[in-house]
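Asks: I have a structure here, written as structure tokens, and I will follow up with some questions on it.
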Amino acid sequence: MSGAGRHRRRIRIALPVSAAGVAVAVAAALLTTSAEAATPLPQPSVEPATSSPSAAELERRLATAIAGDDAAGQAPAKASYAAGTTEQGIDPKIIGGTTTTIASAPWMAQLWYGDDKGTADTADDVGFFCGGAVVAPTKILTAAHCVAGYDWHRNGLVITGTAQLPSVDDQGYITDLHGGAITGVWRQWHHSSYRSSTLDADLAVLTLPYAVKATPIRMTTAGDTASYAAGTSAKVYGWGRTSSTHDYISETLKTATLPVQSDSTCTTAYGSWFIKGHMVCAGTPATGSDEGTTTACNGDSGGPLVVNNRIVGIVSWGVEDCVAAGAYSVFTKVTTYVGAAYPRVDDTNFDGDHRGDLWLRSASTDTGYSRYSRGTSFVAGENWGYWAGVNSVVQADLDRDGYQDLVYRRSSDGDVFWAHYVVSSNSWVTQRIADNWKTRTRILVPGDVTGDYLPDLLSVDSAGALWIYPGKGNGTFATRVQFGTGWNQYNALKGQGDFTGDGRTDLIARNASNGYVYLYKGTGKATGAFTSRIKVTTWSSSTYNTLVTVGDVSGDGRADLLARTPGGTLYLYRGTGNATSEFFATRVSVGTYFKGYDILA
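Numbers -37 to -1, 1 to 564, taken from mature numbering (1 follows the signal peptide of the UniProt record, and there is no 0), label the letters of the sequence shown in order.
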């Protein structure tokens, strides 16, 4: 695919070649419209995570990135696949594809990195380009080699909502974003097992300071095998090189259809550099030239490989110049890593550092507080003011804007409210979302239960039925779905995230009579949302009088469990991510001062 436009971008990405519902009774209705607001309870001030760069600063970074000719994730040379060469690189590209529109791929994102080092000398500048995909309103999925070792908060930017690369004039000034939205990057994460020498675990997530309007695309689920069957038709998207004979990347978004290849085919082509289970290759064998070759190429790094509207792969590596005879494009196998990536897609917390924080209310003063996790302890956060007249509080992010919300129930009438921060007005809005839930015995927002990447609301009614209210991402809900009965046998029902490492939201429940603690593994489906329970341990109320789930407290990408003794000691049980047993590690005390709080959420 030839590049178009006056100012063609040159990109060199050199990486090692061989590594390379049903109506509800009026007395217990869930409101599905923007209902009356409660008299707002106090909320703390929010420092927009943001400290978002100015437009001028973002344009400066963009200009540096466009002018750059650097390689993302430069790694040592490895043994060559193509004979007769002395220096190779894993070449993340689309050659042989077709032009597409942003309407066809609204989730595509451009990732630009521009670091001018603060000097007058441009020789030390670092600038490069990668692709990515919007997987939640503030989350971009991309390749680890585009992220690891770079400070994206300080030097990076993301453009969404356009199929065109930015236009620049002869002096390098940005003249047109072609309708795209530009934003900085708040924080970054890449898989802890990523190795630049092999491009193993080549997966990363960038978190944006503001939600973007782009329609997200979902990752595939754990255990997906159908998408990787040999011959499956997959689509790759990107702005990468369009020819093996020059370094120019495409001005417009391209796509190509590639057949997925078997592991044995990929191993035959690449030997030990292809890591079965961690990687997938796709395409027909390259011909040795542009003619007859369809492949990803330099500049496509981090872009998605899509099957049935799910991301199954991330552009990772290939042969240098992309068209060596017999070569295939190699992608990160997303099903293997979704258990690690999902917590990064749903990792909202009060201070924005990837670790789950606590919200507490003093029993003596009715004052609300937040306390920030530091991994194995909590430090003072903010004073939330006077929170009397409330008997249930749950942390949530119903609108997936990256800022922590609270869902709480008023004691007097049982009405449930959603308090959420609105970035554009720098203010809190409180909205009633359920009417007269006095008799509901449990209310929780564990995350995405139904598999659509939108947080859902769960409650248990007085008869013991568990109801799932599928979230719409804006504080309203679709028709409720019942999941069984008998849930009032539990004196605790908790959940925030994935306890088993499969990328699906789970629940923890404790039986009131015998103290048995059970795990209900999520299925990611609205109907049949959880599997049969698995006994985890036995904790009576005299052992722990409160169980708390606020997500990933330790920051390791796994959901954790907190448990408080009657004496006030709070213990952290770190999630192991194991799917069958030993779900939590040995407990660690995170403080002995929690007795005086009557709500911990």
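C-beta atoms are modelled at their ideal positions from N, C-alpha and C, and glycine is treated no differently.
#1: Between Val551 and the rest of its own chain, which residues show a CB-CB distance below 6 Å, the 5 nearest in sequence each way excluded?
#2: The alpha helix (DSSP H) that contains Asn118, what's its start and end?
#3: Could you tell me whether the Cβ atoms of Cys93 and Thr105 are closer together than 8 Å?
#4: Would you mind listing the beta strand (DSSP E) stretches within the segment 292 to 337 that are 3+ residues and don't spill past its ends, in chain order?
#5: List the residues that DSSP assigns as beta-bridge partners of His383.
#6: Just reading off the alpha helix (DSSP H) that Leu21 is part of, what are its end residues?
#7: Looking at Thr183: is its Cβ nearer than 8 Å to the Cβ of Ile277?
#8: In terms of residues, what are the limits of the beta strand (DSSP E) holding Ala526?
#9: Taking C-alpha atoms, which residue in Lys296, Arg372, Gly262 lies nearest to Cys285?
#10: Measuring alpha carbon to alpha carbon, tell me which of Ser425, Gly414, Ala441, Gly518 ends up nearest Phe493.
#11: Gly319 to Asp309, Cα distance in whole Å?
#12: Would DSSP call Asp87 helix, strand or coil?
#13: When DSSP labels each residue in this structure, what does Ser190 get in the three-state scheme?
#14: Closest to Asp519 by CA distance: which of Thr501, Gly531, Phe547, Thr506 is it?
#15: Suppose you measure from the CA of Pro129 to the CA of Phe380; what does that come to, to the nearest Å?
#16: For Asn346, write down the residues that DSSP places opposite it in a beta bridge.
#17: Can you tell me whether Tyr157 is helix, strand or coil according to DSSP?
#18: Can you tell me which of the three DSSP states Tyr233 falls into?
#19: Whole angstroms is fine: what's the gap from Ala232's alpha carbon to Gly289's?
#20: On the DSSP bridge assignment, give the partners of Asp78 in chain order.
#21: Who are Arg363's beta bridge partners in DSSP?
#22: Hey, quick one: how far does the beta strand (DSSP E) through Tyr556 stretch, first residue to last?
#23: I want to know whether the segment 395 to 403 touches the segment 136 to 146 - three or more CB-CB distances under 8 Å.
#24: Between residue 595 and Arg527, is the Cβ-Cβ spacing less than 8 Å?
#25: To which residues of the same chain is Lys484 closer than 6 Å at the C-beta, ignoring the five residues directly before and after it?
#26: Would you kindly work out how many angstroms separate the C-alpha atoms of Pro248 and Val270, rounded to a whole number?
#27: Answer yes or no: do Lys176 and Ala144 have a C-beta to C-beta separation smaller than 8 Å?
#28: Which same chain residues, not among the five before or five after Cys244, have their C-beta less than 6 Å away from its C-beta?
#29: Give the secondary structure of Thr448 by DSSP, where H, G and I count as helix, E and B as strand, and everything else as coil.
#30: Determine the DSSP secondary structure at Cys285, reduced to helix, strand or coil.
#31: Does the segment 494 to 507 come close enough to the segment 327 to 346 to have 3 or more Cβ pairs within less than 8 Å?
#32: What does a CB cutoff of less than 6 Å around Val9 pick up in its chain, not counting 5 residues either side in sequence?
#33: Can you find the residues in the same chain that come closer than 7 Å, C-beta to C-beta, to Gly530, ignoring five residues on each side of it along the sequence?
#34: Enumerate in chain order the residues of its own chain whose CB-to-CB distance from Val370 is below 6 Å, with the five nearest sequence positions on each side excluded.
#35: How big is the Cα-Cα spacing for residue 585 and Asp314?
#36: Answer with buried or exposed for Pro457, where buried requires no fewer than 16 other C-beta atoms within 10 angstroms of its C-beta.
Replies: A quick look at the data gives this:
#1: Excluding five sequence positions before and after Val551, the CB atoms of its chain that fall closer than 6 Å to its own CB belong to Thr339, Leu535, given in chain order.
#2: 115 to 118
#3: yes
#4: Counting whole runs of 3 or more residues, the segment 292 to 337 contains the beta strand (DSSP E) stretches 292 to 296, 321 to 325, 330 to 336.
#5: According to DSSP, which records beta bridges pairwise, His383 is partnered with Val392.
#6: Bounds of the alpha helix (DSSP H) holding Leu21 are 18 to 30.
#7: no
#8: 524 to 527
#9: Gly262
#10: Gly414
#11: 11 Å
#12: helix
#13: helix
#14: Phe547
#15: Spanning the alpha carbons of Pro129 and Phe380 requires a straight line of approximately 43 Å.
#16: Tyr332
#17: coil
#18: helix
#19: 7 Å
#20: Val89
#21: When DSSP reads this structure, Arg363 sits in no beta bridge, so it has no partner.
#22: No beta strand (DSSP E) holds Tyr556; DSSP gives it neither H nor E.
#23: no
#24: Outside the displayed range of the chain (-37 to 564) lies residue 595, so it cannot be described from this structure.
#25: Thr463, Asp469, Thr494
#26: 20 Å
#27: yes
#28: Gln224, Cys229, Tyr291, Val293
#29: coil
#30: coil
#31: Touching, no.
#32: Tyr384, listed in sequence order.
#33: Lys558
#34: Val357, Ala359, Trp381, Val408
#35: The structure shown has nothing for residue 585, since the chain only spans -37 to 564.
#36: Per the sequence shown, residue 457 should be read as Lys rather than Pro. Buried, because 16 or more other Cβ atoms sit within 10 Å of the Cβ of Lys457.
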